[in-house]
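Undergrad: Have a look at the structure that comes next, please.
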Amino acid sequence: MNPHASLIFTTSLILGTTITISSNHWMMAWTGLEINTLAIIPLIAKSHHPRATEAAIKYFLVQAAASTLLLFSSTINAWHTGQWDISQLTQRTASILLTAAISMKLGLVPFHFWFPEVLQGSSPITALLLSTMMKLPPISILILVSQSLNPILLTALATLSAALGGWMGLNQTQLRKIMAFSSISHLGWIVIIAIYNPKLTMLTFYLYCLTTTPIFLTINTTKTLKLTTMMTSWTKVPAMNAALMLTLLSLAGLPPLTGFLPKWLIIQELTKQEMTPTATIIAMLSLLGLFFYLRLAYYSTITLPPNPVNRIKHWHINKPTNTLIAILTSMSTLLLPLSPMILATL
Numbered sequence: 001m002n003p004h005a006s007l008i009f010t011t012s013l014i015l016g017t018t019i020t021i022s023s024n025h026w027m028m029a030w031t032g033l034e035i036n037t038l039a040i041i042p043l044i045a046k047s048h049h050p051r052a053t054e055a056a057i058k059y060f061l062v063q064a065a066a067s068t069l070l071l072f073s074s075t076i077n078a079w080h081t082g083q084w085d086i087s088q089l090t091q092r093t094a095s096i097l098l099t100a101a102i103s104m105k106l107g108l109v110p111f112h113f114w115f116p117e118v119l120q121g122s123s124p125i126t127a128l129l130l131s132t133m134m135k136l137p138p139i140s141i142l143i144l145v146s147q148s149l150n151p152i153l154l155t156a157l158a159t160l161s162a163a164l165g166g167w168m169g170l171n172q173t174q175l176r177k178i179m180a181f182s183s184i185s186h187l188g189w190i191v192i193i194a195i196y197n198p199k200l201t202m203l204t205f206y207l208y209c210l211t212t213t214p215i216f217l218t219i220n221t222t223k224t225l226k227l228t229t230m231m232t233s234w235t236k237v238p239a240m241n242a243a244l245m246l247t248l249l250s251l252a253g254l255p256p257l258t259g260f261l262p263k264w265l266i267i268q269e270l271t272k273q274e275m276t277p278t279a280t281i282i283a284m285l286s287l288l289g290l291f292f293y294l295r296l297a298y299y300s301t302i303t304l305p306p307n308p309v310n311r312i313k314h315w316h317i318n319k320p321t322n323t324l325i326a327i328l329t330s331m332s333t334l335l336l337p338l339s340p341m342i343l344a345t346l
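Heads up: the sequence shown runs through residues 1 to 346, numbered per the UniProt record's numbering.
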């Protein structure tokens with residue numbers, strides 16, 4: 001892609017995100033979301049592959065429908081209350097429509113069908129943007145209106161997302177689809193706590209971004225897009241693959257690593273809100289995700305499959321290890337000791 005075009009699209013992404021997260025008027029928030037959508041579509045379709053074009057069209061149609069619902073919801077609310085302030089969402093129908101719109105934007109169940117397909121058709125870096133940066137504006141709107149939303153509906157959507165994300169990820173062999181279902185599962189954890197503790201929602205989202213970023217960057221560096229190539233990718237950059245295993249285990253939420261912190265705090269908060277059955281269910285559902293994270297970790301470092309003679313040898317990548325990946329991997333595995341300081345800010 002032309003560097004100037006790439007700069008314009010990246011700048012538009014940042015601008016759209018900034019407009020949405022800093023606005024308190026529905027029209028400004030909608031404008032920011034639209035700028036975001038229009039900026040990411042060329043980045044999805046830039047490879048000119050039929051699958052990339054298909055992914056861009058799917059993304060556009062879903063996001064256009066979600067934006068329409070959001071605008072319809074805010075119009076109904078303004079019609080009944082006479083104001084366009086985001087925090088004044090008091091009309092019940094508008095609240096349900098907005099929940100559906102945000103669920104479509106994020107890819108929550110039952111509006112999740114587009115997300116794995118779009119990620120599969122995108123490059124790893126675009127998939128990273130779709131999994132992290134593109135989720136920030138809808139989550140910020142969700143937090144702003146969280147007190148007006150139906151807690152039972154939101155809890156049901158979050159629990160279904162955690163269940164389906166773990167369940168559908170079990171039989172996938174494409175890494176980008178596995179990461180898509182991982183994202184859906186984590187969104188369940190992020191959304192379930194939004195009404196009760198918005199700060200914890202943002203902490204969970206930030207830690208998810210921190211842990212997912214080095215995984216996508218490693219996949220992009222080693223050019224591994226499915227499990228069969230992942231088994232032999234350790235010969236390219238052995239140290240990076242070993243770090244990838246730790247990052248995957250952190251994303252699974254295993255105790256000594258950073259990813260355990262948000263899960264622990266969310267279960268604790270749900271128990272405080274007398275939602276112990278919900279906390280138990282969502283903790284049990286995280287075991288589904290743990291299985292495919294362990295499978296990925298096993299394939300990335302521990303297995304050494306038989307190599308036939310006619311197979312192309314994977315040589316070491318001579319580039320120096322990316323400093324950004326090293327820093328992010330360290331943070332995504334070693335931040336748990338800082339949890340008392342993090343808890344003090346909540």
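Glycine included, C-beta positions come from ideal geometry on N, C-alpha and C.
Determine the contact status of Ile41 and Ala56, defining contact as a CB-CB distance below 8 Å.
TA: If you number the sequence shown from 1, residue 41 lands on position 41. If you number the sequence shown from 1, residue 56 lands on position 56. Their beta carbons are under 8 Å apart, which means Ile41 touches Ala56 by this criterion.
Undergrad: Can you say whether Lys105 is buried or exposed, counting buried as having 16 or more other CB atoms within 10 angstroms of its CB?
TA: Locating residue 105 in the sequence shown gives position 105, counting from the first residue. Classification of Lys105: buried, given that the 10 Å Cβ count is 16 or more.
Undergrad: What distance in whole Å lies between the Cβ atoms of Gly121 and Ile44, which are believed to be in contact at a cut-off of 8 Å?
TA: For the purposes of this step, residue 44 is taken as the residue at position 44 of the sequence shown. For the purposes of this step, residue 121 is taken as the residue at position 121 of the sequence shown. Right, the Cβ-Cβ distance comes to about 7 Å (below 8 Å), so this counts as a contact.
Undergrad: Could you name the residues of the same chain whose beta carbon sits closer than 7 Å to that of residue 386, not counting the 5 residues immediately before and after it, in chain order?
TA: A question about residue 386 goes unanswered here, because the residues of the chain that appear run from 1 up to 346.
Undergrad: Determine the closest residue to Trp167 out of Thr232, Ile86, Gly289, Leu296, with distance taken between C-alpha atoms.
TA: Locating residue 167 in the sequence shown gives position 167, counting from the first residue. Nearest of Thr232, Ile86, Gly289, Leu296 to Trp167, Cα basis: Gly289.
Undergrad: If we call anything under 8 Å between Cβ atoms a contact, is Ala239 one with Thr329?
TA: Within the sequence shown, residue 239 is the residue found at index 239, counting from 1. Within the sequence shown, residue 329 is the residue found at index 329, counting from 1. Contact: no.
Undergrad: Between which two residues does the alpha helix (DSSP H) holding Tyr208 run?
TA: Here residue 208 is taken as the residue at index 208 of the sequence shown, counted from 1. From DSSP, the alpha helix (DSSP H) with Tyr208 extends over 198 to 222.
Undergrad: Rounded to a whole number of angstroms, what is the C-alpha to C-alpha distance between Thr212 and Leu265?
TA: Here residue 212 refers to the residue found at position 212 when the sequence shown is read from its first residue. Here residue 265 refers to the residue found at position 265 when the sequence shown is read from its first residue. Computed Cα separation, rounded: 19 Å.
Undergrad: Decide if the region 60 to 76 is in contact with the region 91 to 102; the criterion is three or more beta carbon pairs, one per stretch, under 8 Å apart.
TA: Enough Cβ pairs lie closer than 8 Å, so yes.
Undergrad: Measure the C-alpha to C-alpha separation of Ala5 and Lys46 and round it to an integer number of angstroms.
TA: Here residue 5 corresponds to residue number 5 of the sequence shown, with the count starting at 1. Here residue 46 corresponds to residue number 46 of the sequence shown, with the count starting at 1. Distance between the alpha carbons of Ala5 and Lys46 is about 11 Å.
Undergrad: What's the gap between the Cα of Asn197 and the Cα of Leu346?
TA: Taking the sequence shown and counting its residues from 1, one reaches residue 197 at position 197. Taking the sequence shown and counting its residues from 1, one reaches residue 346 at position 346. C-alpha separation (whole angstroms): 9 Å.
Undergrad: Quick check: what's the CA-CA separation for Pro3 versus Thr126?
TA: Counting from 1 along the sequence shown, the entry for residue 3 is found at position 3. Counting from 1 along the sequence shown, the entry for residue 126 is found at position 126. So the alpha carbons of these two residues sit roughly 16 Å apart.
Undergrad: Look at Trp189 and Thr173 and say whether their C-beta atoms are less than 8 Å apart.
TA: For the purposes of this step, residue 189 is taken as the residue at position 189 of the sequence shown. For the purposes of this step, residue 173 is taken as the residue at position 173 of the sequence shown. No, Cβ-Cβ distance for Trp189 and Thr173 is not below 8 Å.
Undergrad: To the nearest angstrom, how far is the alpha carbon of Pro262 from that of Gln273?
TA: Counted from its first residue, the sequence shown places residue 262 at position 262. Counted from its first residue, the sequence shown places residue 273 at position 273. Roughly 16 Å between the two C-alpha positions.
Undergrad: Counting only the same chain and skipping the five closest in sequence on each side, list residues whose C-beta sits under 8 Å from that of His25.
TA: Translated into the one-based positions of the sequence shown, residue 25 becomes position 25. Cβ within range, chain order: Trp84, Asp85, Ile86.
Undergrad: What's the call for His49, buried or exposed, on a 16-neighbour Cβ count within 10 Å?
TA: The count along the sequence shown starts at 1 and reaches residue 49 at position 49. Answer is exposed; the Cβ neighbour count stays below 16.
Undergrad: Rounded to whole angstroms, what is the Cα-Cα separation between Phe111 and Ala65?
TA: Looking up residue 111 in the sequence shown gives position 111. Looking up residue 65 in the sequence shown gives position 65. Roughly 11 Å separates the two Cα atoms.
Undergrad: Taking the C-alpha atoms as reference points, what is the distance between Pro256 and Arg176?
TA: If you number the sequence shown from 1, residue 256 lands on position 256. If you number the sequence shown from 1, residue 176 lands on position 176. C-alpha separation (whole angstroms): 26 Å.
Undergrad: On the CB-based measure, 16 or more other CB atoms within 10 Å of its CB, does Asn199 come out buried or exposed?
TA: One-based indexing of the sequence shown puts residue 199 at position 199. According to the sequence provided, residue 199 is Lys. The question's Asn does not apply to it. The residue in question, Lys199, is exposed, as its Cβ has fewer than 16 Cβ neighbours within 10 Å.
Undergrad: Roughly how many angstroms lie between the CA atoms of Leu248 and Leu217, to the nearest whole one?
TA: Here the question's residue 248 lines up with position 248 in the sequence shown. Here the question's residue 217 lines up with position 217 in the sequence shown. The alpha-carbon atoms of Leu248 and Leu217 are separated by roughly 13 Å.
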